[in-house]
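In the working numbering, the protein residues as written are 1465 to 1541. We treat Cβ as the ideally placed atom computed from N, Cα and C, and that holds for glycine.
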């Protein structure tokens, strides 16, 4: 399997919802503007991990952290 290399700017702009789906995390609730997930960064029973479709940014209200796709991957790994 050949791995495609991308630059940091392209990695920052990857669709966060798509990346989370590839990692096995699916939204608990969606609206036109946003998606809510159970946090992939910690254990919880009520969704407090927010992804804005318009801004393509995430925010975990339980941790008080957020950012772009690259920031999320760094937090996960």
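Point to revise | When 1515, 1533 and 1537 are compared against residue 1496, the one with the closest alpha-carbon | key: Start at 1 with the first residue of the chain shown, and residue 1496 comes out as number 32. Ranking the options by Cα distance to residue 1496, first place goes to 1515.
Check your understanding: Ordered along the chain, which non-local residues of its own chain (more than five positions away) have a Cβ less than 7 Å from that of residue 1530?
Key -> Along the chain shown, read from residue 1 onward, the residue named residue 1530 stands at position 66. These residues qualify, in order along the chain: 1521, 1522, 1523 and 1524.
Review point. Are the Cβ atoms of residue 1505 and residue 1539 separated by less than 7 Å?
Key: Indexing the chain shown from 1 puts residue 1505 at position 41. Indexing the chain shown from 1 puts residue 1539 at position 75. Cβ atoms of residue 1505 and residue 1539: closer than 7 Å.
**Study point:** Beta-bridge partners of residue 1516, as assigned by DSSP
**Key:** In the chain shown, the residue the question calls residue 1516 occupies position 52. Beta-bridge pairing links residue 1516 to 1498 and 1521.
Practice item. With distances taken Cα to Cα, identify the nearest neighbour of residue 1509 among 1499, 1526 and 1517. Key: Position 45 of the chain shown holds residue 1509. Selected option, being the one with the closest Cα: 1526.
Review point. Can you tell me whether residue 1480 is buried or exposed, with buried defined as 16 or more other CB within 10 angstroms of its CB?
Key: Locating residue 1480 in the chain shown gives position 16, counting from the first residue. Flag for residue 1480 reads buried.
Point to revise | Reduced DSSP category for residue 1529 - H, G, I as helix; E, B as strand; rest coil | key: In the chain shown, the residue the question calls residue 1529 occupies position 65. Residue 1529: strand per DSSP, three-state reduction.
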